[in-house]
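Numbering (the working numbering), first residue to last: 898 to 1209.
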């Protein structure tokens, strides 16, 4: 019971911390006169990936690498199989051309890079982490120079200049909440895994990954209810690219990540690649460049099967 409480409290702190950090980051960028397009692509993306990043770094440093890996792999599966599925079940979304020219190919490159680095030796080394971060940097530079129209400002209402003391306060509170939340989440997840006799990987790819995908899910549902399709497919794919290249890249640069539970390599990673690939035909069939409720049901069914097979 205590472990579940730790997990819930940890997730609440992570979501609040990510939100505070986002507010502070945007306010700071506005103060420094950084163009909005740059804020959207860099600051906002990093801030919304902060829960995954802090959990993964902390888990790897505390000696639970499967939590770090499972969190990212599970989060990527949840972003498409759960968040995107629920979003398009609630209301169909039109897909931009940038989906098949940039977003999807880069997500597949990031996924295959991760696969290549970890599948053969079961470890992401420091230099591989550096390569991942460099690839992310090149992608961001490309986006900012050539794909400005593909970037959507998800949270225009957050673009409020804050007084300096508030910015510093949100920055401090956000950082503290993220760190405290990740500590509680890891403590609860490891405790739960021990009680039920399952591996940390199982808890990571189910409970932890759904938890760290909650901000994306909440934002997506709010966008659909407000009839704003601001949370587009591109935003979720962007989140997956960041999870792989920034979260795992930065974590591996701090401490190499070694696979403990081999099912991560024999099972989970293939589910991640499969669901990432599946989005492409769904976008084009039966009607070109849109996702409707039927596509959502297919993605959700795939996700339910994945979770069922993981926990049984």
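The C-beta atom is built at its ideal place from N, Cα and C for all residues, glycine as well.
Since this is a predicted model, take the numbers as computed values, not measurements.
- Shown here, residue 949 sits in a helix according to DSSP, grouped into three states.
- The criterion of a C-beta distance shorter than 8 Å is satisfied by residue 951 and residue 1075.
- Its chain contains 1179 as the residues whose beta carbon lies nearer than 7 Å to that of residue 1195, once the 5 sequence neighbours on both sides are disregarded; these appear in chain order.
- At a Cβ-Cβ threshold of 8 Å, residue 992 and residue 1182 do not count as neighbours.
- Within the same chain, Cβ atoms closer than 6 Å to the Cβ of residue 1098 are found at 963, 967, 1158 and 1161, the five residues on either side in sequence being excluded.
- In this chain, residue 1103 is not harboured by any alpha helix (DSSP H), its DSSP state being neither H nor E.
- For residue 993, the three-state secondary structure derived from DSSP is coil.
- Per the DSSP secondary-structure output, residue 1155 pairs in a beta bridge with 1020.
- Residue state for residue 929 is assigned as coil, using DSSP reduced to three classes.
- A distance below 8 Å separates the beta carbons of residue 1149 and residue 1023.
- Here the alpha carbons of residue 1185 and residue 1083 stand approximately 42 Å from one another.
- Between residue 969 and residue 953, the gap from beta carbon to beta carbon is short of 8 Å.
- Counted as a single uninterrupted DSSP element, the alpha helix (DSSP H) harbouring residue 1178 occupies residues 1166–1181.
- Spatial neighbours of residue 1169 in its own chain (CB-CB distance under 6 Å, excluding positions within 5 residues in sequence) are listed in chain order as 970, 973 and 974.
- Taking the Cα positions, residue 1103 is about 24 Å away from residue 1013.
- If you draw a 10 Å sphere on the C-beta of residue 961, you find 16 or more other C-beta atoms in it, and that means buried.
- Around the C-beta of residue 1139, 16 or more other C-beta atoms lie within 10 Å, and the residue is accordingly described as buried.
- Assigned with DSSP and collapsed to three states, residue 1059 falls in coil, not helix or strand.
- With respect to the 8 Å criterion, residue 977 and residue 1173 are classified as neighbours on the basis of their beta carbons.
- By the neighbour-count definition (other C-beta atoms within 10 Å, threshold 16), residue 1190 is an exposed residue.
- DSSP, reduced to helix, strand and coil, places residue 1081 within a helical segment of the structure shown.
- In this structure, residue 1147 and residue 1026 form a Cβ contact; the two beta carbons are roughly 7 Å apart against a cut-off of 8 Å.
- Here residue 1186 carries a coil assignment [DSSP, helix/strand/coil].
- The alpha carbon of residue 905 has as its nearest neighbour, out of 1081, 999 and 1171, the alpha carbon of 1081.
- If you look at residue 984, you'll find it in the alpha helix (DSSP H) that goes 982–987.
- Within the same chain, Cβ atoms closer than 7 Å to the Cβ of residue 1144 are found at 946, 949, 950, 953 and 969, the five residues on either side in sequence being excluded.
- Looking at 955, 1136, 923 and 1016, the one whose alpha-carbon comes closest to that of residue 1077 is 955.
- Minimum Cα-Cα distance from residue 1176 among the listed residues 1110, 1106, 1010 and 1005 corresponds to 1005.
- A buried status is given to residue 1011, since no fewer than 16 other beta-carbon atoms sit within 10 Å of its beta-carbon.
- About 7 Å separates the beta carbon of residue 1200 from that of residue 982, a gap short enough to meet the 8 Å contact definition.
- With at least 16 other beta carbons inside 10 angstroms of its own, residue 1109 counts as buried.
- Each of 1000, 1070 and 1059 was checked against the Cα of residue 1039, and the nearest Cα belongs to 1000.
- The Cβ atoms of residue 1142 and residue 1032 lie closer than 8 Å to each other.
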